[in-house]
Every structure is written in C-alpha cells, then in structure tokens.
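Residue 68 is where the sequence shown starts when you use this note's numbering, and the numbers rise one by one after that.
Below you'll find the structure, written out as structure tokens, and then a few comments.
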Amino acid sequence: MATSPRDPVLEQRARASRLADLGQRVGYGLFGLALVVFFIGLIGDFTGGISTAIIVSVVIGSIVLAPAIVVSYAVKAAVRDDLEHGREVG
C-alpha cells in the first residue's frame, strides 16, 4: 500500500487553524476574566489593582484575539475555495 506524500499547504493550514483556535480560546478567556474581575470589584472594593487587571486582560485579550479571528476566517475561506474547485481539503 503506497502512502501519498503529505501536502505542506494542508499541513500549514491545519497548524494555522489550531493556533487560531488556541488564540480564540485565550482571547475570549481573557475577556471572561476581565468580566469576572470587574464584577468582583463591583461587589467588593474597586481598587487600582482591580482596574489594572481588567485593563491588562482586555488589552492582551484583544492583541491575541484579533489576529486569531482573522486567521480563522482565512482558513475557512481557503477550505471553502478548495471545496468549490474540487481540490483536496485534508
């Protein structure tokens, strides 16, 4: 039984998809953390540390999430294009 060589484009696309999924989980997780910290501060004492934690979570979450969303859409578009043109998608 002969095995077909692996397509480097499909491997790179799969790697990009995994990284995009991870980036989305981390980014949305940081947004969730910011919400939790906000409500902790709202219920308790809203200190400077609480504000800093919220701002840092939102900023880092945005930095991670924005490219992850773009890459995710790019991978989906590439798969859709391959399907429309009858190419192998992996």
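The beta carbon of each residue, even a glycine, is placed where N, CA and C say it ideally should be.
Across the structure, L109 and L97 are spaced so that their CA atoms are roughly 18 Å apart. T114 sits in coil when the DSSP states are folded into three classes, being neither helix nor strand. For V131 against G90, the beta-carbon gap comes to about 5 Å, under 8 Å, which counts as contact. G111 has its alpha-carbon roughly 15 Å from the corresponding atom of I121. In the three-state reduction of the DSSP assignment, D74 falls in the coil class.
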